[in-house]
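There are 2 protein chains.
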Amino acid sequence: MSTLTTIGFDADDTLWENEHFFRLTEAHFSELLADYAEPEILASRLLEAEKRNLAHYGFGIKGFTLSMIETAIEITDGKVPGDTIGRIVAAGREMLSHPVNTLPHVHETLEALTASHTLVLITKGDLFDQERKLAQSGLGDFFNAVEIVSDKSPSTYATAFARHGDGPDRAMMVGNSLRSDVLPAIEAGGWGTYVPHELTWDYERAEEPGNVPRFTKIETLAELRPLIERLKG
Amino acid sequence: MSTLTTIGFDADDTLWENEHFFRLTEAHFSELLADYAEPEILASRLLEAEKRNLAHYGFGIKGFTLSMIETAIEITDGKVPGDTIGRIVAAGREMLSHPVNTLPHVHETLEALTASHTLVLITKGDLFDQERKLAQSGLGDFFNAVEIVSDKSPSTYATAFARHGDGPDRAMMVGNSLRSDVLPAIEAGGWGTYVPHELTWDYERAEEPGNVPRFTKIETLAELRPLIERLKG
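Note that the protein sequences, when read in sequence, are chains A and B. Add 69 to the 1-based position in the first sequence for our numbering, that's all there is to it. Add 69 to the 1-based position in the second sequence for our numbering, that's all there is to it.
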């Protein structure tokens, strides 16, 4: 078996909290439109709008804000007051300055692994927002490279691990999304390590693969270094 | 004098039309709010909102759309109808699928230069939107690398030209923005070639430098290859 030289990390909900802030904003959105729709209906219409708009906006908070505005207009038949839209815009902007809370075991895991491996941050979302969060996290120096991408497909990983490492065959991707982090990295020929987060956006859900040797599920990042040690053996 | 090995190109309004679509959308925005404000007042309030929001949204169409919405709410004291906001959202989304019209001399200039130089596309804006435009332009294969960045400072150019070429000292940046393309590339130690476009966003304006040997202004990209030939001599 080839030796692992390169480790890719997802950012949102792998290194720091993210979905938490989307849920808070969605709860606020739901309150703002409480006179017009039940929370469940609103949530399902918003998710529809988000999925439909991915092809236009890509991933990230600005697209999410525009999808909230669109949903507010749709669900009220255009009757939503301008002030309410203003509050939605403000809620979106607040998300763009939310604090960056790194998750447990992240700092010490990256600090230890950067001594022995090439570390690459591979994340999607708004370019500007991801750069801000990386800067505020204080984790930037642990990474040899940062790739902010518009989508995460097998070819994304093939390209990133060829550019910054020794190809996907000697690389592992670590993240909380089976759909975006784990499965496409394995399809590209790499290892895929799944670290579930209690909050995960519906879009990112997928089935865990069955008997796939390069797939591992761990509970927290504390298990990552022992896993990598075992792979050496 | 060191030899030029690497050429960076800006994208919007250097390789293809861009500001044109912003102006069309702004005219549409102005019509939608004609009952509330004069076009000049609206334009100036929108520009204020855009500049203020750069720190939150960065550059690009999604941020521009959110700034239009915010301006519509402000200028009507929150009275703008939801339907009108819906039209603004739709106008922003249309921009994200506008056709990519490459400018004169672009194709043959890139085709010729890629044989002798390392070509790097360096652009800001929405990641997803810039990738779409590059794909639709058919120019992607002429570039050795693409950098979609959140801002263009001297250190942006120092980093990009070190990564993809032989450092800024042996690199030239070509673009229609003095503020973002030309001046910071010269400050980083490179050549800066200014190709003005008849439409330029207010934010990108700056004074032309006086007696700076590495600065050149050309009228169209047709003059770029002769300029590069002269530099060799």
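The beta carbon of each residue, even a glycine, is placed where N, CA and C say it ideally should be.
Whole angstroms are fine: how far does the CA of Ile-217/B sit from the CA of Leu-196/B?
Taking the second sequence and counting its residues from 1, the one referred to as residue 196/B is at position 127. Taking the second sequence and counting its residues from 1, the one referred to as residue 217/B is at position 148. Approximately 6 Å, taken between the alpha carbons.
For Tyr-263/B, three-class secondary structure by DSSP
Translated into the one-based positions of the second sequence, residue 263/B becomes position 194. Taken through DSSP and simplified to helix, strand or coil, Tyr-263/B comes out as strand.
Determine the extent of the alpha helix (DSSP H) in which Gly-161/B is found, giving its start and end residues.
Within the second sequence, numbered from 1, the residue matching residue 161/B stands at position 92. In the DSSP assignment, Gly-161/B falls within the unbroken alpha helix (DSSP H) covering 151-164.
Could you compute how far the alpha carbon of Gly-132/A sits from the alpha carbon of Glu-119/A?
Within the first sequence, numbered from 1, the residue matching residue 132/A stands at position 63. Within the first sequence, numbered from 1, the residue matching residue 119/A stands at position 50. Whole-angstrom Cα-Cα distance: 8 Å.
Secondary structure at Phe-284/B, three-state DSSP: helix, strand or coil?
Locating residue 284/B in the second sequence gives position 215, where the first residue counts as 1. Residue state, collapsed to three classes: strand.
For Glu-200/A, go through chain B and note every residue whose CB falls closer than 8 Å to its CB, in chain order.
Numbered from its first residue, the first sequence carries residue 200/A at position 131. For Glu-200/A, the chain B residues whose C-beta falls within less than 8 Å of its own C-beta are Ser-219, listed in chain order.
Following the continuous alpha helix (DSSP H) through Phe-91/A, name the residue where it begins and the one where it ends.
The sequence position of residue 91/A within the first sequence is 22, counting from 1. 88-101 is the extent of the alpha helix (DSSP H) around Phe-91/A.
Taking only beta-carbon atoms, is Ile-154/B less than 8 Å away from chain A?
Translated into the one-based positions of the second sequence, residue 154/B becomes position 85. Yes, because at least one Cβ of chain A sits closer than 8 Å to the Cβ of Ile-154/B.
For Gly-244/B and Phe-78/B, the rounded distance between their alpha carbons
Against the second sequence, residue 78/B aligns to sequence position 9. Against the second sequence, residue 244/B aligns to sequence position 175. Spanning the two alpha carbons is a distance of roughly 6 Å.
Contact check, Glu-88/A vs Thr-269/A, beta carbons under 8 Å:
Start at 1 with the first residue of the first sequence, and residue 88/A comes out as number 19. Start at 1 with the first residue of the first sequence, and residue 269/A comes out as number 200. It is a contact, given that the beta carbons lie within the stated cut-off.
Residues of its chain near Asp-235/B, where Cβ-Cβ distance is below 6 Å and the 5 sequence neighbours each way are ignored:
Taking the first residue of the second sequence as 1, we reach residue 235/B at position 166. Result list for Asp-235/B: Thr-74, in chain order.
Please identify the residue among Ile-76/B, Thr-183/B, Asp-81/B whose C-alpha is closest to the C-alpha of Glu-273/B.
Stepping through the second sequence from its first residue, residue 273/B is reached at position 204. The shortest Cα separation from Glu-273/B among Ile-76/B, Thr-183/B, Asp-81/B belongs to Asp-81/B.
Decide if Glu-139/B is buried, meaning its Cβ has at least 16 other Cβ atoms within 10 Å, or exposed.
Along the second sequence, read from residue 1 onward, the residue named residue 139/B stands at position 70. By the neighbour-count criterion, in which a residue is buried when 16 or more other Cβ atoms sit within 10 angstroms of its Cβ, Glu-139/B is buried.
Going by the DSSP bridge assignment, what does Ile-217/A pair with across the sheet?
In the first sequence, counting from the first residue as 1, residue 217/A sits at position 148. The partner list for Ile-217/A (beta bridge, DSSP) reads Thr-192/A.
If you measure beta-carbon to beta-carbon, which residues of the stretch 108-129 of chain A are closer than 7 Å to chain B?
Those residues of the stretch 108-129 of chain A that come within reach of chain B (Cβ to Cβ, closer than 7 Å) are His-125, Tyr-126, Gly-127.
Under 9 Å from the C-beta of Leu-135/A: neighbouring residues of chain B
Within the first sequence, numbered from 1, the residue matching residue 135/A stands at position 66. The contact set of Leu-135/A on chain B, defined by CB atoms closer than 9 Å, consists of Lys-131, Thr-134, Leu-135, Ile-138, Val-158, Gly-161, Arg-162 in chain order.
Quick check: the Cα distance between Ala-240/B and Lys-286/B, rounded to an integer number of angstroms?
If you number the second sequence from 1, residue 240/B lands on position 171. If you number the second sequence from 1, residue 286/B lands on position 217. For Ala-240/B and Lys-286/B, the distance between alpha carbons rounds to 16 Å.
So with CB distances below 7 Å, who are the chain A contacts of Thr-145/B?
Translated into the one-based positions of the second sequence, residue 145/B becomes position 76. Ordered by position in chain A, the residues that pass the 7 Å Cβ test against Thr-145/B are Gly-151.
Using a C-beta to C-beta distance shorter than 9 Å, which residues of chain A count as neighbours of Ile-142/B?
Working through the second sequence from its first residue, we reach residue 142/B at position 73. Here the neighbours are Gly-151, Asp-152, Ile-154, Gly-155, Val-158.
Relative to the C-alpha of Ala-204/B, which residue among Ala-214/B, Val-169/B, Ile-191/B, Thr-192/B is closest?
Numbered from 1 along the second sequence, position 135 holds the residue referred to as residue 204/B. With distances taken between CA atoms, Ala-204/B lies nearest to Val-169/B out of Ala-214/B, Val-169/B, Ile-191/B, Thr-192/B.
Could you give the first and the last residue of the continuous beta strand (DSSP E) run that contains Val-243/B?
Counting from 1 along the second sequence, the entry for residue 243/B is found at position 174. Element bounds for Val-243/B: 240-244.
Phe-197/B at chain A interface by Cβ criterion, 8 Å:
As a working note, residue 197/B is residue 128 in the second sequence. For Phe-197/B, the answer is yes, since a Cβ of chain A falls inside 8 Å of its Cβ.
Bridge-paired residues (DSSP) for Phe-78/B:
Here residue 78/B refers to the residue found at position 9 when the second sequence is read from its first residue. According to DSSP, which records beta bridges pairwise, Phe-78/B is partnered with Leu-190/B, Val-243/B.
Going along the chain, which unbroken runs of the alpha helix (DSSP H) with 4 or more residues stay wholly within the stretch 106-133 of chain A?
Within the stretch 106-133 of chain A, the complete alpha helix (DSSP H) runs of at least 4 residues are 108-126.
Three or more beta-carbon pairs under 8 Å between the stretch 141-155 of chain B and the stretch 104-113 of chain B, yes or no?
Segments in contact, yes.
Cα-Cα, which of Thr-183/A, Ala-229/A, Gln-199/A is closest to Asp-210/A?
The count along the first sequence starts at 1 and reaches residue 210/A at position 141. Out of Thr-183/A, Ala-229/A, Gln-199/A, Thr-183/A has the C-alpha closest to the C-alpha of Asp-210/A.
6 Å Cβ shell around Trp-260/B - same chain, five flanking residues per side excluded:
Working through the second sequence from its first residue, we reach residue 260/B at position 191. Cβ neighbours of Trp-260/B within its own chain (closer than 6 Å, five residues either side excluded): Met-241, Arg-283.
Answer with yes or no whether the minimum CB distance from Leu-165/A to chain B is below 8 Å.
Looking up residue 165/A in the first sequence gives position 96. At a cut-off of 8 Å between beta-carbon atoms, Leu-165/A makes contact with chain B.
Could you check where the alpha helix (DSSP H) with Arg-232/B kicks off and where it finishes?
Numbered from its first residue, the second sequence carries residue 232/B at position 163. Note, Arg-232/B: alpha helix (DSSP H), 223-233.
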